[in-house]
Amino acid sequence: MANPIHDIVIAGSGAAGGTLAAHLAAAGVDVALVEGGPKIDTRVAFNTHAMPFHFPNRAIPTMKAGKEGFFSERARGVGGKTLTWNAVAWRYSQRDFKGKSHDGAGENWPFDYKDLAPYYDRIEREIGVCGNLDGLEDLPDGVFLPPVPMKCTDVAVKNGAAKLGVKVIHVRKATLSRPRGGRPACHYCGNCMAGCDVVAKYNSADVHIAPAMKTGKLTVYHDSIVREVIVNQENRVTGVRTLNRETKAEGEIKGRGVVVCCACVQSVSLLLMSKSRLYPNGLANSSGQLGKHFIPHFTGGVQCFLKDFIGKPPANDEGFLDHAYVPSFMHSRKRDYARSFGVQFNYQNRRSTGWTRSIPGFGKSYKQAVTDRYPAFLTFSPYGEMLPNAKSFIDLDPSVKDAHGLPAARRHVWWGSNDLKIFADMIEWSKRILESTGAEILSVSDEPRTNHELGGARMGEDTRTSVVNSFCQTHDVKNLFVVDGAVFPSASEKNPTHTIMALAARTAEHIQERLKKGGL
Amino acid sequence: MAKPEERREALKIIGAIGSTCAFPFSADELYAQHQHDGPAATLPSQPSFFTKDEFAAISRLADLIIPATGTPGALAAGVPAYIDYVVSRNPAAQTLQRQGLAWLDSHCGKLHGKRFAELGEAQQIAVLTPLLEAADKAPLPAGPRTGGLTPRPAWKASTGVKFLHAVKSLTADGFFTSKEGLVETLRYPGNTAMAEFPTCIHEH
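From first to last, the protein sequence lines stand for chains A and D.
Under our numbering, the first residue of the first sequence carries the number 45, and numbering increases by one thereafter.
Under our numbering, the first residue of the second sequence carries the number 27, and numbering increases by one thereafter.
Have a look at this one:
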């Protein structure tokens, strides 16, 4: 079989890879999309509507029996993490891009909100994002489908927060509140993160990749784990070396340019694994910056029962998980730390009953106490912005191999004093809001834990302190790009996927223009 | 809060989807996906880890922790078989179960000259009350992915208290994830298809 040379090889098929593949293929670019996992039929492959008692250990597996997917971080499936994401879709604000200019901490992005705004618009029009126009300075509005009503318990929290001058808004999600583009509206079964089986929730496989196949310009190589990006003597990348997930057979996919979109940690680890004579410390790492400035979001939770709902009949409010949000409100308040936090809440699933262990007592009274509290259970999960520090980075484990025999990636996280100040304050505010709502608090996190991995190949103008430029092109190799959370120079407190997709759209346009002008 | 029947008025099962739908399924198929009354997983009636006597004691404990009331209890929900299933597959948990059951019998022997299973219900409850009160003071487990931070100090408690903490946790897990617990007792209302999500019209 001939081994064609594609215009662009994209490693990873999630939010970034899927967007890039669709946009480039639509523009007539010959694209190879390489994914470590299998092709997944989202209609039938996930255990979307299963109940815990269908399984002897009561744990619902991601895939149905006999269906393949979600083998490892490197081999989830075509669609990547968008298959099981919660679909929260915020725009970052000017303050998020230029945080350092406001408080001197962290690093600025090398562009302004207005530079990315048209791409947020485009993504919202393409994939459908529901939300309310709130007119907030730190959470720009966009092109939205109507918001989904808040749950009764959300309204209670909204009223409790209002007493403290804190605003609660409708969540914004890449889940359809109205039928659109051949996709049905959400039916509020509450199983978004188990894999939506009707594509009401955006996933890159069904919304971007499958339609792009019709262009005839896109080739998807699934079950092909990218183990190396190949660079030649002329300092140009020429494609990727792959490992077949099942047979372990080596392969090569050639391209005139390569985009790495494997999700933050795996993208960094792929570049670190791609050692060559030119780049003995990893590809595009002449600055030694690759892996540094790892800035995952940190979260922590408060579990509680809203007193007004104790003893009431349970409502069918699984919905599409969280319907409301506490946007960052600290920027206008006096505080002793840089940056801020926002709060996602009420996204527990009513099939998760682990909290029942923690209700005291036993016997009839215990059973009644649990039953009474069941309709009132609510989780509060604030998310804070981490600042980069020297002790937080990604590297390769020198001895441990992953499921595919490749070096395992390591995440080193150390919380700085600013991080811990935000953590303490976001927990304090969470308790304050819940108490104002009238809540019986069950548990409070006492330490931060990571979520939404960001940084490691950060974007910047200074080639000594960053890995890629504002178009996600590596400083070292002109025809190599990295597009995903790894390039974020600062994290904001907001869920990052929408910004990753907007970056992918902007990079796709940049690549396409350069190809038109004669090549990368 | 509204009564459930009031809320239900606002809900409809999706009967049709857009004619432009690109996905190859009919409305009936979509509806069929939301019939969730599938068979519950069945577990063998004979324990694989516990001996016959041990299993009887575990069953009695589960029954006392979550009894049948107007709704089913731990026995009807098959909780003892669930506990055996989990413990048989979790070597790290086995020692505590075996030692704990032996400790409980010896504890009852000292107090009443009988094994736990031979005591009457009032005596069993009297034995368990202080132990489960102490077990309720166990710290909550650390969340996942703590980023390698400060290790939690080990929980200092006796074998008996640790054992009953484990049995209560397993009983709660097994019961409230069972059909009898989740659906028939807690009245889990979700996992359905709604035409639209209802607006809250209640006073809060």
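For glycine and all other residues, C-beta sits at the position ideal for the given N, C-alpha and C.
Query                                                                                                                                                                                    : Result
Roughly how many angstroms lie between the CA atoms of A/Pro432 and A/Gln138, to the nearest whole one?                                                                                  : 19 Å
What is the rounded straight-line gap between the Cα of A/Asp185 and the Cα of A/Arg224?                                                                                                 : 20 Å
Rounded to whole angstroms, what is the Cα-Cα separation between A/Gly61 and A/Ala483?                                                                                                   : 43 Å
Determine, using beta carbons only, whether D/Phe189 and D/Leu127 come nearer to each other than 9 Å.                                                                                    : yes
Quick one: give me the first and last residue of the beta strand (DSSP E) that A/Leu262 is part of.                                                                                      : Leu262 to Tyr265
I'd like the list of long-range same chain contacts for A/Phe155, defined as Cβ closer than 6 Å, with 5 residues on each side in sequence excluded.                                      : Ser514
Check whether the stretch 198-212 of chain A touches the stretch 360-375 of chain A, counting contact only when three or more Cβ pairs, one atom from each stretch, lie closer than 8 Å. : yes
Anything in chain A within Cβ reach of D/Phe223, meaning under 7 Å, just list it in chain order.                                                                                         : Val192, Pro193, Tyr232 and Gly363
Give the residues of chain D in contact with A/Tyr246, contact being defined as C-beta atoms less than 7 Å apart.                                                                        : Correct list: empty, because the minimum Cβ distance to chain D is about 14 Å.
For A/Gln347, tell me which candidate among A/His337, A/Asn393 and A/Leu322 has the shortest Cα-Cα distance.                                                                             : A/Asn393
What does a CB cutoff of less than 7 Å around A/Lys195 pick up in its chain, not counting 5 residues either side in sequence?                                                            : Asp361, Gly363, His367 and Asn390
In three-state terms, what does DSSP make of A/Cys236?                                                                                                                                   : helix
Count the other C-beta atoms from every protein chain shown that fall within 10 angstroms of the C-beta of A/Val212, then say buried if there are 16 or more, exposed otherwise.         : buried
Per DSSP, what kind of secondary structure is A/Cys174 in: helix, strand or coil?                                                                                                        : strand
List, in order along the chain, the chain A residues whose C-beta lies closer than 9 Å to that of D/Cys134?                                                                              : Simply none; closest approach about 17 Å.
Using a Cβ cut-off of 9 Å, pull out every chain A residue sitting near D/Ser204, in sequence order please.                                                                               : Pro96, Phe97 and Arg102
Give the list of continuous alpha helix (DSSP H) stretches no shorter than 4 residues that lie fully inside the stretch 82-170 of chain D.                                               : 105-114, 117-138 and 147-161
Reducing DSSP to helix, strand and coil, say where A/Gln517 ends up.                                                                                                                     : strand
Runs of 3 residues minimum, wholly inside the stretch 410-450 of chain A: which ones carry the beta strand (DSSP E) assignment?                                                          : 421-428 and 437-445
Check the Cβ-Cβ distances between A/Val199 and every residue of chain D, and say whether any is below 9 Å.                                                                               : yes
Which same chain residues, not among the five before or five after A/Val53, have their C-beta less than 6 Å away from its C-beta?                                                        : Ala76, Gly283, Val284, Ile297, Gly299 and Val302
D/Gly200 lies in the beta strand (DSSP E); which residues open and close that run?                                                                                                       : No beta strand (DSSP E) contains D/Gly200, which is instead part of the alpha helix (DSSP H) from Thr185 to Phe202.
Let's see if you can read the secondary structure: which residues bound the beta strand (DSSP E) around A/Asp51?                                                                         : Ile49 to Ala55
Taking a cut of 7 Å between CB atoms, which residues from the stretch 72-99 of chain D lie near chain A?                                                                                 : Leu90, Ile91, Ile92, Pro93 and Thr95
Report, in whole angstroms, the separation of the C-beta atoms of A/Cys174 and A/Leu127, which I expect to be a contact under 8 Å.                                                       : About 20 Å; that fails the 8 Å criterion.
Should D/Ser184 be flagged as near chain A, meaning a C-beta pair shorter than 9 Å?                                                                                                      : no
Does the CB of A/Pro358 have a neighbour CB from chain D at under 9 Å?                                                                                                                   : yes
At a Cβ cut of 7 Å, what residues of the stretch 99-119 of chain D count as close to chain A, listed as they run along the chain?                                                        : Tyr111 and Val112
If you follow the beta strand (DSSP E) that A/Ala103 is in, where does it begin and where does it stop?                                                                                  : Segment: none, A/Ala103 is in no beta strand (DSSP E) and carries neither H nor E.
Starting from A/Phe141, follow the alpha helix (DSSP H) in both directions and report where the run begins and ends.                                                                     : Gln138 to Phe141
Run through DSSP, which three-state label would A/Gln277 get?                                                                                                                            : coil
Which residue's Cα is closest to the Cα of A/Lys411: D/Ser71, D/Ala94 and D/Ala118?                                                                                                      : D/Ala94
Exposed or buried, which one is A/His50 when buried takes at least 16 other CB atoms within 10 Å?                                                                                        : buried
Taking 9 Å as the CB-CB cut-off, is D/Pro170 touching chain A?                                                                                                                           : Because the pLDDT of D/Pro170 is 38, which lies under 50, any placement of that residue in the model is unreliable, and the number read from its coordinates should be weighed accordingly. Answer yes: the Cβ-Cβ gap between D/Pro170 and chain A drops below 9 Å somewhere.
Quick one: Cα of A/Ala149 to Cα of A/Asn495, how far?                                                                                                                                    : 21 Å
Tell me, which residues are paired with A/Ser487 by DSSP?                                                                                                                                : A/Gln347
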